[in-house]
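**Student:**
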């Protein structure tokens, strides 16, 4: 009977060893899959991030061009308006005399 008990214990130890090996293999496979999935997710993130950055950069450059054009148009309009104003030298000299030489 002792031999049967020893055989049963040996068999159970063998089953436990096999189970440990299966668990270890499963953990290794899970680790590989996680690493692969993480690398794939990182690659996809970088690709989408790059596309977004390129779009935002393009939108920024377009907006800068629009603002520069609008600014130049407003500045040209102002310069044109100022150049059309007739100069009244007599009134300007009178103002200077009243401000600078007032007693």
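Residue numbers (the working numbering): 91 to 193. Beta carbons are placed, not taken as given, at the ideal position from N, Cα and C, and that holds for glycine.
In terms of residues, what are the limits of the alpha helix (DSSP H) holding residue 117?
**Tutor:** Here residue 117 corresponds to residue number 27 of the chain shown, with the count starting at 1. Counting along the chain, the alpha helix (DSSP H) containing residue 117 begins and ends at 92-174.
**Student:** Just the Cα atoms here: how many angstroms apart are residue 110 and residue 116?
**Tutor:** Here residue 110 corresponds to residue number 20 of the chain shown, with the count starting at 1. Here residue 116 corresponds to residue number 26 of the chain shown, with the count starting at 1. Cα-Cα distance, rounded: 10 angstroms.
**Student:** Three-state secondary structure (DSSP) at residue 191?
**Tutor:** Locating residue 191 in the chain shown gives position 101, where the first residue counts as 1. Coil, per DSSP.
**Student:** Please report the straight-line C-alpha distance between residue 120 and residue 112, rounded to a whole angstrom.
**Tutor:** Sequence index remark: in the chain shown, residue 120 carries index 30 (1-based). Sequence index remark: in the chain shown, residue 112 carries index 22 (1-based). Cα to Cα, the separation comes out at about 12 angstroms.
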